[in-house]
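Quick mapping for you: the protein sequence lines, in order, are chains F, C and R.
full-length UniProt numbering puts the first residue of the first sequence at 1, with every later residue one more than the last.
full-length UniProt numbering puts the first residue of the second sequence at 1, with every later residue one more than the last.
full-length UniProt numbering puts the first residue of the third sequence at 1, with every later residue one more than the last.
Beta carbons are placed, not taken as given, at the ideal position from N, Cα and C, and that holds for glycine.
Read through the structure below, which is laid out as structure tokens, and then see the notes.
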Amino acid sequence: MDSMLYLVDLFGTMVFAISGVILAGRLRMDPFGVMVLGSVTAIGGGTIRDMSLGATPVFWITDTTYLWVIIVTCLLTMMLIRHPRRLPWWVLPVSDAIGLAVFVGIGVEKALNYQDSALVAIIMGVITGCGGGIIRDVLAREIPMILRREVYATACIIGGAFYTTTLMLGATPESAFLSCVITTLIIRLGAIRWQLSLPTFALDK
Amino acid sequence: MDSMLYLVDLFGTMVFAISGVILAGRLRMDPFGVMVLGSVTAIGGGTIRDMSLGATPVFWITDTTYLWVIIVTCLLTMMLIRHPRRLPWWVLPVSDAIGLAVFVGIGVEKALNYQDSALVAIIMGVITGCGGGIIRDVLAREIPMILRREVYATACIIGGAFYTTTLMLGATPESAFLSCVITTLIIRLGAIRWQLSLPTFALDK
Amino acid sequence: MDSMLYLVDLFGTMVFAISGVILAGRLRMDPFGVMVLGSVTAIGGGTIRDMSLGATPVFWITDTTYLWVIIVTCLLTMMLIRHPRRLPWWVLPVSDAIGLAVFVGIGVEKALNYQDSALVAIIMGVITGCGGGIIRDVLAREIPMILRREVYATACIIGGAFYTTTLMLGATPESAFLSCVITTLIIRLGAIRWQLSLPTFALDK
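If you want it as structure tokens, here you go:
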């Protein structure tokens, strides 16, 4: 289970790095700028989580595997992807959904290792899942899409709530983790497939 | 005194969350995006303060009351406010001024619990008061108004300086705190009432 | 060596603060907003570095000299600089290059005091050198130029790699530090002199 989880975590890191690289490519950054944006997207959320919890040095200092995965991913993406539109349209969003789901589960789990509150754990799931993408969009001077639509923060919150609820109901940590990842994934995949979004909260200007 | 202070702190948290919700409404975010923006505005400044001081886990992890207040505030604001322009014009700025003044006082006080420098304490007051609003504006892709005009950072700095100066002159922590809050509040209210602003520092492009 | 290094570090702090003040002047901020932008530019990178390493309280809390240098620098810059274009064109970029080179060296050194990984040390050099400028540009609502061109992150990465490589090859920490600073400086000065930039990585929109 643990080594499986670690591999999926690294897969999430790869996918998020790729999304940073693609945005960087649209902004015509230089190769090292590309790596900065890829890295920030992949580890930004977990870094804020660890800083808030006081879990320092943060995770990518303790285990540099994450950094190597990001470096190799960024290099390969720059070499191989020239025309992202030629990929089947669903490859990137589905990969992103898998990465997101795993990151939410890991965020909740790590928070529960440090403190007891279920609410804080859910929030740490959201931060781990959404933080990197928000920093990526801010650096690219876009209003973070994550906040605007796409049932994105929503999926994280519901997934995180599944984790803490099943755990409270007596589930093992493993099955609570799985229920969280699967819930988040299903909601995101459903939102992608049927282009769901919540009604927005709109005020007059 | 302490429980009074705690209540005013929670009031500041509410007010700042509302200002995040209103900006989110203008950007037509989805409900969970609204809650993210409301939360960031309310606890962003104190989070940066605690991370810098090494006061981790940060305050809203140690005491989740803040989070519950934010959640309820965001939900109520979304349900009740549809036309913010129908409120008397002064309600939001005056509430914001009260929140700001309290946050500055709390930031200075917390910094003095961790270290001795008056300068660092004043800066922590500014960070606690202005940090959340700056993050809110960055996420909404606006140049933080706090930096541009309105005697906003200015009020925090002068209020914080009152705290440390009166304390050095022999005041009790309670009266130093009060003098800080009242000074910050008066400056902000005066700036709102008479639309004061400092001359800007302007360079040729 | 140590006191020399400290002086150069303070020089770097001054130069970065000036670059924040000049951007603030172009955005017509009020004087305290100017000081916020100057401070963030000068200490932002080192703050993120210290938070990630768990080196808290962060450096400017432990040694407030940095803050005083920033305050005096911001005040003097506001009083003396009205027409930055009247300075010889190379003064600001060359000073910035010196500041950057020193910050990279200091970031690498500090990281090596806290952990063993050369990769993490190089990244901390990049964060220390580029972090403040990135926050400055985000607050001013610009896509960080550092990421786009100018061989900026590139110079930091190569300089940091020189530090860790020479150290591994048996150099003293002093000479490793010097080789890092000189390498970073030469690359940046060369990039400024000949307007070098790497080919950008560009994707179709």
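Top-ranked residue by Cα proximity to residue i, from the options
| i | options | result |
| --- | --- | --- |
| residue 74(C) | 98(C), 42(C) and 197(C) | 42(C) |
| residue 143(R) | 136(F), 80(F) and 145(F) | 136(F) |
| residue 69(F) | 10(F), 99(F) and 81(F) | 10(F) |
| residue 187(R) | 155(R), 175(R) and 80(R) | 155(R) |
| residue 173(F) | 25(F), 110(F) and 145(F) | 110(F) |
| residue 106(C) | 64(C), 59(C) and 89(C) | 59(C) |
| residue 61(C) | 175(F), 115(F), 100(F) and 81(F) | 115(F) |
| residue 168(F) | 127(F), 100(F) and 119(F) | 119(F) |
| residue 23(C) | 171(C), 145(C), 112(C) and 3(C) | 145(C) |
| residue 194(F) | 3(F), 90(F) and 2(F) | 90(F) |
Pair within 9 Å by beta-carbon distance, residue i and residue j
| i | j | result |
| --- | --- | --- |
| residue 177(C) | residue 5(C) | yes |
| residue 34(C) | residue 21(C) | yes |
| residue 56(F) | residue 54(R) | yes |
| residue 180(R) | residue 152(R) | no |
| residue 8(F) | residue 102(F) | yes |
| residue 27(C) | residue 147(F) | yes |
| residue 139(C) | residue 37(C) | yes |
| residue 200(R) | residue 29(F) | yes |
| residue 141(C) | residue 141(F) | yes |
| residue 25(C) | residue 132(C) | no |
| residue 95(C) | residue 18(C) | yes |
| residue 31(R) | residue 196(C) | no |
Cβ-based burial, residue i [other Cβ within 10 Å; buried from 16]
| i | result |
| --- | --- |
| residue 166(F) | buried |
| residue 51(F) | buried |
| residue 99(C) | buried |
Cβ-Cβ separation, residue j to residue i (assumed contact under 8 Å), whole Å
| i | j | result |
| --- | --- | --- |
| residue 159(C) | residue 190(C) | Contact doesn't hold; Cβ gap of about 13 Å is too wide. |
| residue 185(C) | residue 97(C) | 6 Å |
| residue 192(R) | residue 93(R) | 5 Å |
| residue 117(C) | residue 64(R) | 5 Å |
| residue 164(R) | residue 108(R) | 7 Å |
| residue 66(F) | residue 13(F) | 6 Å |
Residues, ordered as in the chain, of the segment 35-64 of chain R that lie near chain C by beta-carbon distance below 7 Å: 36, 37, 47, 51, 56, 57, 58, 61 and 64
Can you list, in chain order, the residues of the segment 121-155 of chain C whose Cβ is nearer than 7 Å to any Cβ on chain F? 138, 139, 140 and 141
May I ask you to list, following chain order, the residues of the segment 103-116 of chain C that have a beta carbon less than 8 Å from some beta carbon of chain R? 114 and 115
Which of the residues in the segment 175-203 of chain R, read from start to end, lie with their CB under 8 Å from any CB of chain F? 197, 198, 199, 200, 201, 202 and 203
So if I threshold CB-CB distances at 7 Å, which residues from the segment 17-31 of chain R count as touching chain C? 22, 24, 25, 26, 27, 28, 29, 30 and 31
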